[in-house]
Structures are given as C-alpha cells and as structure tokens.
Amino acid sequence: MSIALSMTVNGQHVTGTVEPRTLLVEFLRETLRLTGTHVGCDTSQCGACVVLLDGCSVKSCATLAVQCQGASVTTIEGLANGATLHPMQQAFNDHHGLQCGFCTPGMVMSAVDLVRHTPDPSDADIRKGLEGNLCRCTGYQNIVRAVQAGARAMHTSGGG
Amino acid sequence: MTETATRTVGTSVKRTEDARFLTGRGRYTDDLHRPGQVHACFVRSPHAHARVLDVDGAPAMAIPGVVAVLTGADMAAEGIGGLPCGWQVIGKGGVPMQEPPHPPLALDRVRTVGDAVAVVLAENRHAARDGAEAVVVDYDPLPAVAHVADAARPGAPLVHDDVPGNVCYDWDIGDKAAADAAFAGAAHVTRLDLVNNRLIPNAVEPRAALGEYDPADGSYTLTTTSQNPHVIRLLMCAFVLNLPEHKVRVVAPDVGGGFGSKIFHYAEEAVVTWAAAKVGRPVKWTADRSESFMTDCHGRDHVTTAELALDAEGHFVGLRVRTLANMGAYLSTFASCVPTYLYATLLAGQYRTPAIYAEVKALFTHTTPVDAYRGAGRPEATYLLERIVEKAAHELDMDPADLRRRNFIQPDQFPYQTPVALAYDTGDYEASLNRALDLSEYAIFAERRAASEAKGKLRGRGLSCYIEACGIAPSAVAGALGARAGLYEAAEVRMNPTGSVTVFTGSHSHGQGHETTFAQIVADRLGVPMANVEIVHGDTSRIPFGMGTYGSRSLAVGGSAIVRAMDKIIDKGRKIAAHMLEAGEGDVEFSDGAFRVAGTDRSLTMGEVAFQAYVPHNFPHDTLEPGLDESAFYDPANFTFPAGTYVCEVEVDPDTGRVSVERFTAVDDFGTIINPMIVEGQVHGGVAQGLGQALLEGCAYDDDGQLMTGSYMDYAMPRAADIPDYRFDFTCTPCTHNPLGAKGCGEAGAIGSPPAIINAILDALEPLGVEDIAMPATPLAVWQAIQDARAPARAAE
Amino acid sequence: MYAFEYHRPSSIDEAVALITSDDIQFLSGGQTLIPTLKQRLAMPDALVDLGGIEALRGIRREGDHVIIGAGTRHAEVAASDTVAGAIPALAHLASQIGDAQVRNRGTIGGSVANADPSADYPAAVIGLGATVRTNRREIAGDDYFQDLFTTALEPGELITEIAFPIPEVAAYAKFAQAASGYAIAGVMVARMPGGAVRVGVTGAAPYALRATALEVALAADFSPAAAKAVTISADGLNSDLHATPAYRAALVSVLAARAVAACGG
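See the structure below:
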C-alpha cells in the first residue's frame, strides 16, 4: 500500500508517495533529504528527531508520515531567517550549548517550543522542559544557559 | 608563543564548527546517500552462547528488494581475517595474553547476544530488516557466563574452547614483597570490596558505516563513525580484508560523539567495505539504538578487592589491589590495556604511597566486548583509591581532606616516580584541593546539612582527588608496555599562496571543537586571522597518518604536532624572507605575523612570504625549495598528568532512596588552557557521565547472558534535570614537556566524579549505619541499603 | 516496522466499521504503539488512525464531572483551564506523562486503552472513580482495568471519552523510573464530596487498582502521617530491574502521604 502525501515543510509545499510504515523522520531524511533531523534511538526517548508539527514539538521518529497529511512541519533547516540564525540557534553558539552537534537540532527545536509555552523559563523549567532530549556531550549546563539567553532574545526579536 | 595583536589563546573564542551543526548542515555518516546504495541489516544472535549449525539465506532472498545474503562462511572462503587487538599484555611469568579469533561474521559459534552471523543487503532499510528476519539460523544453545566473577569459577562455561578458565591474562605490577612488608608493619588497614559498574557509552549518534568500491581503479572508500580513521584503515587493511592501504580511503565525517566507543575497529566496517565490492554497489549500515546497546563496546566492569595500609600518623604505607576485569566475548582493539596500563599504573593517585602491588585477571564472558570508555581504566583506579581513602578517614575519624593533604606528593617532589611505572612531571595537588574546598564552602557545610535535615533529608559531602595519565603516547613507553603501534600524532601545515592556512591533523574532532582550538593556536603562532585557518581532519586521503583522538590526547599530542609543523613553516619562511630582504637568515626575526630584519624597518608579512614561496622567480634552488608546506610527527617525552579535586554534596530522601546532587564543585589543573569555554564544556560533560555512572547507569545482564538494559527504557541516561549547576575553577601547573604546556581535559570529569558522589552518599547515610553502596546508587539501591542497615538495628531492639 | 495498511476515518462509526479483524488496531497518538511497531513487537494488518475524528477531542465540564474526549492530547489536558479549575491534580498528572513531545502527541484514550501498568492516567481513572465511555457503553473505572495490558474493552470497542467526577480535593504523587519516565509507583489520592476517600495506584501492580487500606486509614484521618503509617503488602506487586515488590509497597505509602500533603491534608 502506498499513500500520496502532501504537506508543508519549512514553508515549502512538498509531496511524496510513502508506505504507511514510513516515519515522519524517514520522509524528511530520506525522501526530502533534510538530514538535519537526526535519529538517535528507537524507543522515542533521545529527542534528536524533534521537529515542530503545526507549531508543536514532536518526535518525528514516533510519528508516521501519513499522520502528517496536510500539516506544516518545521525542521532545523527551516529555523534560520536566511543567513540570520534564529535567536535560539545563536544562543546555542554564544553559550557553547553544543559539542558534537548530533542532539543539537532536536534540542533547539524543543527549546523553541519550550519558550513558546514558558516565555521566561527558570533554570528548573528548562531542565524539566528538556526531559525529552538527551545530550551525552555537554552535561546540559551550557544548554540551560543557552535556552535562557535564547528565550530573552526571542522576546527582543519579537518572538523569533 | 608569539605575541600578536589578535592573540586568541587563553580566550573563549566561540566555535566556528557550530554554524553547520546549528543549521542542520552537519554531515554525519547516515546523512550520506549514494546513488545505487543498498542497506545492510545484520542477522544477530539472540543467544549468548550457541553453536551455529546452519545459516539459510534462501528465504531472505525471496523477500522483495533483498539483493544478497552474506555469511561468515562467505568471508572465510575469501580468506578474510579476524578483528585484531592492538595491545599485547604479557602476564605473570611472561605468559602472553590469549587472543582468540574474532571473525567479523560468526562461523560455527556465537559468543554474545548480538554476535552477527550474516548480513542482508536490500534496496531499502525496511526490506533489509524484513530479509534479516527471514534468514533461518539453526542455533544449538549452550550454557553461558555473563559476570566476571562467575567466569573465574572452576567449571564455568568456556567462552573459547582453547582458553582455559576463560583467562585472557593474569598480570601484575609493583613490588609484592615491599607491599606485603608494608602491611605487616601497618598501624591500620582499611579494606574495601567494590564493583566498577559496567557502562554502555551511548554517543547519541549511533554507529554507521558506508562502504564503496570503484571497479575503475579497484579502490575502496569506507565512511564510518570513527575517532581515528587512519587506525581503522590500518587494522582493516592489514589484518581483516588484506587490502593494500593505498587503495583504501577511510573517512570519518562529522561524528556525533564517541567517548571511546568509536575508537575501535568494528566488524560492520569491514563487512560493508567487503560487501560493496561483492555486490558492486555502495553498502550502508546504520545501527539502531538497540543494536548500539548490544554491539558498541561497553566500558568498566571490574570486581576489585583493595587494602590500604597506614602508619600511626595516617601516612599511606602500602596498597594491595586484586581486580577481575571483564573483556566480554572477544578482545576489542584496545581492551587489553584498559585494566592494566590505563588502570593499575594510576593506583598511586596523588599520593606518596611507597609500596603498591596490583594483580589484574582479565576474563572472557559471553557478553559484548568491553573496551575504553571515557576515562578508560583511570576512573576505575580513581574510584578505588578515593573510596578507600575516604573510608580510611572515616575509620580513623580524620577529616578526609586532611588525610589526603597528609599524603599528597608535594610540589617540590616532581618529577615524581611512582611505584607503578609512571613518572609525574608536575602538579600542585594541595592548590586544587584548597580551591575546591573554598569554592564548595566546605567550612560551612554543617549549616547546609542542618537545612536539609529540617526538610527530612540527609545531606552528605564527598571528596575525590583524581589524577590521570593523558595525552596517550609516548610511543616508547607505550611500546614497552605492549602497544603494537606508536602513539605519536601527525600534522601538516600548508601556507596557501594568498596567506591562508590549511592544517591537516591526525586528530579527530567529534565534539571537542578542534576546528576552533587548533585554529586559535595556528592563528596566534603564525599571526593570521582565525578566519583564514582551516582545520582538516578525518579523511585518510587528505590527512597524514595519525593515531586519532582518545585518551585526552588531541591538544597535548596533536596540537603539539601542529606547533612543530608551524616551527618548520617559520624556519622555512625565515629563509625565504632573508632571501627576499637580502638579509642574513640569522638577522630575520618572526613576530606578529611578520618577518623583520632586526634593527631595520624592513619586513614581510607571512602572507607575502607565502605568496613568494609559490611564485618564486629567483630562489637559489640549491638551497631554497619553493613552497611553504611542512609536516611534523610529534611523539611526546611523557604522558601528561591532569589532576584536581571534586567536591560533591548530595541530599538523600530516606523514604524513597532518591539521591539528588545539590552541589558539585570541580577544580582541575589541565596545564595551559587554549579555550576556557571549551575546556569547561568538556568538564561539564565528563562530570555528567560520571554522575551517570554513580547514580543512573548500570548495564545489566542476567545469568544467561541476556542484556537486561537494552534500550533507553531501562538504561538510565543523565537528563538535564538530573544534573546540578556546577561550580568550576582551574589551577595551573603547565605540562613541562610539550610546547603548549597543555595536559588534556576530555576525561577528567568522568574520572574524578563517581567517588565524590558515592562518598557523599555514604557520608549522608552514615548516621543510619550504611557502610557501603554500589554504583549506580539508584533509589532502589539506596532504599535497600537503608533497610538492610535498619534490619539488624531492629533485630537488636 | 512490518508493512500495514492505513485508514484515516473522520467519524467514530467509520472508524469502528474498519475494525474487521483482531489484526486491525486503532492508532491514536501513537506514542506507545509506534515504538512498539518499530521494535516489531506487533504486526497489525492495518491501523485505523483516529487523529481525523474531531468528535473524539475536547474538554468540557458537565455538572460535577469533567469530560475529556479520548483523542485529547496530554498537553491539552495539562494546559486546560477547565481541568485546572475543577481537578488541578489531573492537569498536574498529565503534565508529568512522558516528556513534552510525548504530551504533544499522546492521548488520554490511547493511554487508558493501552493500560500500561506504569502509565499515569490509570491512577486518575481509579483514584477519581472515573467512567470510561465507549461507542457501546459506559464502564466504571473500578471495573475497567483487569490485568496487565488487559481492560474491559471488547474487540472493536472504542473509548470515546472519560468522565472524571470532580473531587473536593485531590493530588497525584509519582515516583518515576529514571530511564523510561514511567511510574515505578504513582498514587492519586482524592477526597470526594461527602468525604469518601479514594486512592488509585499505578505502577505497583500489574494493573491500576484501589489501595483500600489507605482509603480506610485516610477516611479516618486525612493526614500524611496516617498514610505513611499504612503498611502495604508486597504480595503480587511488580518486580523488575528498577524496583522490588517491597520497595514498591513502601513507595505507595510514602507517595500517598505526599499526595495527602499536597491536598493540604
């Protein structure tokens, strides 16, 4: 069984034909070749695959592509405004919130969603809010700093 | 070092590599799609130990999309070899270690859950997995042994029929007679049995490998998640596939964390490379996380008995250690050296203990191979020492800080030869201890303890004073200890004609930020802007033969190689400048990126010299070659010895057993620091992994060798909420024997933190009578320890 | 994942009609089902995606009940003013399920239908005495959970909504397993109008159930000390790597005490 799929990804209308068992992350990485979204586990715990689906952060490895028919998806590739990094991306650079970079796309997407719900997050809010994202490199301290700074910058820039 | 207006060394320059990672433009192995590629899925044993009676790939070939099924027999038929071990340990009595064969695909026997018996190649991932499930393997299950203490028992199932008693080696170090004499005369002896828990490294990027074959010239390309592509090429070509290395290119592109687990040459790398030629198409394999749990080399897994002898004044007079180390089912690339040369040689710690004797017996079990994981041997040594020292302090009713102080090697005693082979070049242990005590507000701990008690919580504090041997090299020492390769590092520095610089390094960055740190060193020394420096790593067709990144060696060894190459660039540049400025070579000075004739205003910038080097019209060709491109191989004179003090404070909830780390203070002496931001980040990450080991992570096998913690549902990784805000500082005694003065910082956090955390928990639980707790100190373990301590008390009531 | 067919109906009737065999399953948020399929632990012929059925979504108050549509996501329950106003403990419980991304996809109906012994919502269904409404009937919460992953639902029966009685006061205390985030034990304590005390426990036993010993003790004395003094029998409680039956038994009393404290009791 193949299903014709159409959705908006990073503002672009995209179509494809997929088997129902195709995960959203497989559609993004393998069909659309948007390889910024990563896969780090098979039990939907690491969060490397987090994207925004209709504005909400979701694990694209625990979502079927066919469930996203007609939806709008934002991946890490769609976050920056041209050459200008999104304030959250910039904050991760400013505060050394990444090392190997593999968890980073998911971490940034989760952080963007976190700030949407909690505009001025405390240290504890951020640590709790990132419970769905694993990072093995940073020990999280600089990620927490980055998200705090990113949240402030998102306000200044009018919501990012 | 050259003073320039743009000096960056010692400053927290933001990372240049971040831009691609933050925009989704990193390029990791699984991101690559080759035209015509097939996907590989391995058929893996569900049994820890079984005879393989038959492998039938025919049913898989009937699945749509399946291209080929290849087995161990297919490899053997072509004379493919086994995966080698790079370090030979010679045991007691000159007996060399046992090295049973490790075929990339199992032949007649599987020895661990996850052992691969066949590989299925298919048009897509789903079909490959469908095919792998369809392969019919006839197994005859055999008894298995998973735990190292069980493997040592008489009559234990044998992992390899020709390895009696499962013993890989039985090795010792130190002076037994001296140690025994010290114990005979001791005023006090502290004894401790402990387990260093088995860990699964869990870099967030799963391993992946992409093999390609070009029939036009008979060349192969392997793209792989590796920390050391040249080492992989050497091992795979020379020992496994028998390929000429000039026909093999190994590329390690962006790699999503390693922590040791991506040092080793894995079966899948050889299989995809071989299979690519076999089917004439690129072959790609990416582990899913369950596969990573089963097949990435695990870490630690020691069972140890230790005794510390003290005199009446609290001086350490002797240390005796007996350790059983689990090697898993096969010897991985560096497995043998981890519990010996990276462990027992560190048992002096920061102390003047005059007599040390350690015995290490390494055993095979029916489990995943165990090899280096962040710290590799040094966390095991530190955990043992810092637990037993703390225990001795409690037994003697001494302040744990004072007991340590009393035994520290003093600054005026360097270089210091320990009784276990290493010679420390420099250090100031009391400086780190004092700074850590200040920063942690050690003196007013009682106030915080009282505040915790008011909330119904128990508060405890623990110390750990660690030392590690880093910058792994030097080749002569490593060779004397059994390494089968020199552990130097290589670099090439190429001045381009318009003054930009390309640096080719044998080190590999998979999170460490070399593209920034190395560029800082180059920019400062050559006087060019950082933006004009490119660091190239990870591709054997571009970089000189180098040993890669592990053992906190990149800066101390790889960075020093770059410095040496730059020294040659400056020397050559001086010759060119002297020629162009019509001055004597001895009169030309280099500083701030310019060559100047001393005492004159005549000068040339590095860029001008570089340009002339490539467009020479009047060089005296008998004495001055064109070009400005130099290589260096740097082999250090000694290890480096980072050291420091960590102080941990925990709160324990006695009702649930939950431990929360309330305060963690780290003071490290890494020698000279190039980029404090990056170094601090390394410590943050290392401490988080140490916290994981102490509180959360424990790889568990059942007695039949089934992996009980095979996913993130059961193997607890540290998350943001598990980690406190760290307090952090440096002290500095520069390394005495490398041109950067740098010691290495990648592993310290993972080495120093577990004993500080466990010591703190035991301090908290002391009022309840708890004397020991095993890692990981999960809520269940802590709650159980409290119940067990209360039980005899209740019985006495 | 094994291959399967996929249907996305827009009405409850259409969805139910698509379940023509035991090998066809409903798909709600998919946060448990999709990982299960990825591990190849299930092999359905087809999935019927409930995500397009608007009638399954929404939160409303009906008299002394809060009614939550089966397709309502955990994040919606956690953020709902209606829930927060009537049963803040339920919003708090929802905010502790999984992680932010799981809460953005997972649904209450999916969780309750799956009946994972360590899931959070079952504690609320039991502890608040909720009613599970299906396309066929209403099932009392006390009768709903029957065994490990086993409920009163019949083949093809679809949860449409869950009706939670509004308690006088309630609180949920959870002790999470560090790896998975699921409850090693979770206790919902509620004092209902009229003074009856209900205690729903998840995580400790093969399925969520009432802790009658705690209910009796708390009915007499609604205090943390009264809860903590109750000794729970470890017989029949779950045992795994992360907790022994005795530990779970001890946690139930401790968590009940903490829930009572959170109730202001």
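Protein chains in written order, with this note's numbering: chain S, 81 to 240; chain A, 6 to 802; chain Z, 3 to 267.
Glycine included, each C-beta is placed from N, C-alpha and C at the ideal position.
If you're wondering where the values come from, they're calculated on a predicted model, not measured in any experiment.
{"Item": "Integer-rounded CB distance, given that A:I766 should sit under 8 Å from A:V652", "Value": "In fact, because the Cβ distance is near 14 Å, the residues do not count as touching under 8 Å."}
{"Item": "S:D200 versus S:V227 - alpha carbon distance", "Value": "10 Å"}
{"Item": "Contacts of S:D193 in chain Z (Cβ-Cβ under 9 Å)", "Value": "A102, Q103 and N106"}
{"Item": "Same chain only: Cβ atoms within 6 Å of S:N213, ignoring 5 sequence neighbours per side", "Value": "G127, G186, M187 and S190"}
{"Item": "At least 3 beta-carbon pairs within less than 8 Å: the region 626-640 of chain A vs the region 518-527 of chain A", "Value": "no"}
{"Item": "Cα-Cα separation, A:A441 to Z:G183", "Value": "34 Å"}
{"Item": "Helix, strand or coil at A:A603 [DSSP, three-state]", "Value": "coil"}
{"Item": "At least three beta-carbon pairs within less than 8 Å, the region 142-154 of chain Z to the region 98-106 of chain Z", "Value": "no"}
{"Item": "Interface partners of Z:I99 on chain S, CB under 9 Å", "Value": "Result: empty, since nearest Cβ-Cβ is about 11 Å, beyond 9 Å."}
{"Item": "C-beta contact flag for Z:L211 and Z:A258 at 8 Å", "Value": "no"}
{"Item": "Cutoff 8 Å: Z:L253 Cβ touching any chain A Cβ", "Value": "yes"}
{"Item": "Where A:P101 falls: helix, strand or coil (DSSP)", "Value": "strand"}
{"Item": "C-alpha distance - A:I526 paired with A:V508, whole-angstrom precision", "Value": "11 Å"}
{"Item": "8 Å Cβ cutoff, A:L225 in contact with chain S", "Value": "Residue identity check: residue 225 of chain A is Tyr in the sequence provided, not Leu. Closer than 8 Å: no."}
{"Item": "Neighbourhood of A:T610 by C-beta, 7 Å cutoff - its chain only, sequence neighbours within 5 removed", "Value": "G598 and A599"}
{"Item": "Segment limits, alpha helix (DSSP H) that includes Z:L92", "Value": "P90 to S97"}
{"Item": "Residue from A:G553, A:T605, A:H399 and A:T358 whose Cα sits closest to the Cα of A:A183", "Value": "A:T358"}
{"Item": "Limits of the unbroken beta strand (DSSP E) element including S:H166", "Value": "From DSSP, S:H166 is part of no beta strand (DSSP E); its letter is neither H nor E."}
{"Item": "Per-residue contacts from A:D719 into chain Z (C-beta, under 9 Å)", "Value": "Q179, A181, S182, D242, L243 and H244"}
{"Item": "Cutoff 8 Å: S:D122 Cβ touching any chain B Cβ", "Value": "Going by chain labels, chain B is absent from the structure shown, which instead holds the protein chains S, A and Z."}
{"Item": "Contact list for A:W788 against chain Z, beta-carbon separation under 8 Å", "Value": "Y249 and A252"}
{"Item": "Spatial distance of A:D293 from S:T143 (CA atoms)", "Value": "17 Å"}
{"Item": "Amino acids of chain A, ordered along the chain, whose beta-carbon sits closer than 7 Å to that of Z:V256", "Value": "D660 and T661"}
{"Item": "Short Cβ contact (8 Å threshold) for A:E250 with A:L239", "Value": "yes"}
{"Item": "S:G91: contacting residues in chain A (beta-carbon distance under 7 Å)", "Value": "Going along chain A, no residue has its Cβ under 7 Å from S:G91, so there is no contact; the nearest lies around 15 Å."}
{"Item": "Sequence-distant residues of the same chain with beta carbon closer than 8 Å to S:S237, five excluded per side", "Value": "P167"}
{"Item": "Exposed unless 16 or more other CB atoms sit within 10 angstroms - verdict on A:A192", "Value": "exposed"}
{"Item": "Buried versus exposed, by CB contacts within 10 Å (16 or more), A:N764", "Value": "buried"}
{"Item": "Residues within the region 287-303 of chain A neighbouring chain S, beta-carbon criterion of under 7 Å", "Value": "D293, R294 and S295"}
{"Item": "Meets three-Cβ-pair contact criterion under 8 Å: the region 687-704 of chain A and the region 217-233 of chain S", "Value": "yes"}
{"Item": "Between the CA atoms of A:G676 and A:V620 - distance to the nearest angstrom", "Value": "42 Å"}
{"Item": "Rounded C-alpha distance that separates A:L486 from A:Y174", "Value": "14 Å"}
{"Item": "Cα-Cα separation between A:T228 and A:Q42, rounded to whole angstroms", "Value": "13 Å"}
{"Item": "Member of A:L347, A:G84, A:H320 and A:L444 whose CA lies at the smallest distance from the CA of A:V245", "Value": "A:G84"}
{"Item": "Neighbour flag for S:S237 against chain Z, beta carbons, 8 Å", "Value": "no"}
{"Item": "Helix, strand or coil at A:R392 according to DSSP, with G and I counted as helix", "Value": "helix"}
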